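> Under mature numbering (1 follows the signal peptide of the UniProt record, and there is no 0), the letters of the sequence shown match residues -23 to -1, 1 to 91, in that order.
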Amino acid sequence: MDKFLLLLLMLGPLPVVFFQAQALMCTVCSSFKDGRCLKGKGNCTLNSVSACRTMNIFIFSETDGWLQDHTELDCQNFCFPSQLYYEQVKVSTYCCKNQDFCNRYQKFVNKEIY
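#1: Can you tell me which of Val68, Gln76, Arg30 puts its alpha carbon nearest to the alpha carbon of aspartate 46?
#2: Can leucine 23 and isoleucine 36 be called in contact, C-beta distance under 8 Å?
#3: Hey, out of Thr31, Tyr82, Ser27, Asp41, whose CA is closest to phenylalanine 55's CA?
#4: Taking all protein chains shown into account, do 16 or more other C-beta atoms lie within 10 angstroms of the C-beta of aspartate 51, making it buried, or fewer, making it exposed?
#5: Going by C-alpha to C-alpha distance, which of Asn20, Ser38, Tyr63 sits closest to arginine 30?
#6: Is the CB-CB distance between glycine 17 and cysteine 6 below 8 Å?
#7: Between the C-alpha atoms of methionine 32 and cysteine 73, what's the straight-line distance to the nearest angstrom?
#8: Do you know offhand how far serine 59's Cα is from isoleucine 34's?
#9: How should leucine 61 be labelled, buried or exposed, when 16 other C-beta atoms within 10 angstroms of its C-beta is the threshold for buried?
#10: Write down the C-beta distance between threonine 70 and phenylalanine 57 rounded to the nearest angstrom, noting that I regard them as a contact closer than 8 Å.
#11: Once DSSP output is grouped into helix, strand and coil, what is the label at lysine 18?
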């Protein structure tokens, strides 16, 4: 009987270890331009209400139209996909939480938006 109790005590925490959800990771960069992170490179971990965010910032030029200025990558609570315009600036926001580093920068490909 003592061996049975000891075995139960030893096996007790195992289901908790096997069934814990893995936290998702996102890429962080406060200024991504020309294929590389210029400032603030790192990672962040999602919590239950956050998502990986990609924000593309564009500046309007009379001769060339909308030109990408830079991209920001991070974790954001209550992330909402959007396109906002303010005078000569456009900010396009994409959100994802389908896999680790889903916000890793990819040049203007169709991003999965949740």
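Quick reminder that beta carbons are idealized off the backbone N, C-alpha and C, glycines included. As the structure is a computational prediction, the values presented were derived from the model and not from experiment.
For this structure:
#1: Val68
#2: Contact flag unset, no.
#3: Ser27
#4: buried
#5: Asn20
#6: yes
#7: The C-alpha of cysteine 73 is placed about 12 Å away from the C-alpha of methionine 32.
#8: 12 Å
#9: exposed
#10: Contact annotation, threonine 70 with phenylalanine 57: C-beta distance approximately 7 Å; criterion of less than 8 Å satisfied.
#11: Annotated three-state conformation of lysine 18 is coil, per DSSP.
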